[in-house]
Amino acid sequence: MKKNLTMSRAKKGAAILAAAMILGGCGGQEPAETTSAPAAVEETTAEEAETEAVSEEETSEEISEEAAETEGSSEAEEAAADASEETEETEAEASEAAQSSESEGEQTEDAEGQVTPQSIYEAIGQQVELPSMIEGDDSFISNYYGINPADLDGYVFASAEEATLADSVIIMKAKSEDAVANLTASLNTVIEQKAAEMENYLPEQYDIVAKSSVKTEGTYVYLVISEDADSIEAVIQDALK
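Pasting the structure below:
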């Protein structure tokens, strides 16, 4: 009876031990599965990070290429703008040179063939010594002597810069013979004013004024007040022949 009880307990113990071993084996597998999961997660995370890094690198390269293209485009535009500006400057310089050449040609033509009041006055300055002179403009001859510049094809109205000198060289070319009489009257007014200025204060200069007279040659009207009036008038007459 005791022997049977002992064997029964032994079987029960063996069964319990077997069950424990089975349970232990199952328990050992579970940790293995649990351990492998984090490793897989880490591997997946590493792959994703590598993919993101490659994507970022490609994006950076694309941005760099776009920036390079943009910079190249800007440089090309700047170069085109510079070239355009240089072309415009060259054209402007060429235009100025052409105008200058044309102006020089006109001046040469005046000097070589066409007689003008200015060319005559320049010839006088080369042949006769004159004091320092100042030239009146349109407003001067209009306001002081009633001469209409629109009636003239050119003129020189030069007077001595020094107030104590009566010297004057006035050469005018009328646009028509009808204007000659009015110009003559205006230049006679010049003589009268100069005489009034010098008569009581500078008798020597008054005598010079008193000897002067207005002269005409075609549409030219001129007046010379100077000690060298004869020499100056000779230059004018030679130019008008």
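Under the UniProt record's numbering, the first residue of the sequence shown is numbered 1, with each subsequent residue one higher.
A virtual CB, placed ideally from N, CA and C, is assigned to each residue, including glycine.
Note that the coordinates shown come from a computational prediction; the quantities given were computed from them, not determined experimentally.
Considering only residues of the stretch 152-211, which uninterrupted beta strand (DSSP E) runs meet the minimum length of 3 residues and lie entirely inside it, listed in chain order?
152-160, 168-174
What's the gap between the Cα of E161 and the Cα of L130?
11 Å
From the DSSP output, which residues share a beta bridge with E217?
Y220
The beta strand (DSSP E) enclosing E227, as first and last residue numbers
In the DSSP annotation of this structure, E227 is not part of any beta strand (DSSP E), being labelled neither H nor E.
Please report the distance separating the alpha-carbon of Y220 from that of F157.
13 Å
With H, G and I counted as helix, E and B as strand and the rest as coil, what does DSSP make of E129?
coil
Can you tell which of V209, Q193, I170 has the C-alpha that lies nearest to the C-alpha of E135?
I170
Could you tell me if S139 is buried or exposed, where buried requires 16 or more neighbouring beta carbons within 10 angstroms of its beta carbon?
exposed
Per DSSP, what kind of secondary structure is I134 in: helix, strand or coil?
strand
For D167, count neighbouring C-beta atoms within 10 Å of its own C-beta (all shown protein chains included) and say buried if the count is 16 or more, exposed if not.
Within a 10 Å sphere around the beta-carbon of D167 sit 16 or more other beta-carbons, which makes this residue buried.
Reduced DSSP secondary structure (H/G/I, E/B, other) of N148:
coil
When you compare the CB positions of V235 and A123, do they come within less than 7 Å of one another, or not?
A contact, by the Cβ cut-off of 7 Å.
C-beta contact flag for M172 and Y155 at 7 Å:
yes
Closest to Q205 by C-alpha separation, out of K215, K194, S213, would be which residue?
K194
Specify the secondary structure class of V235 as computed by DSSP and reduced to three states.
helix
Classify N148: buried if its beta carbon has 16 or more other beta carbons within 10 angstroms, exposed otherwise.
exposed
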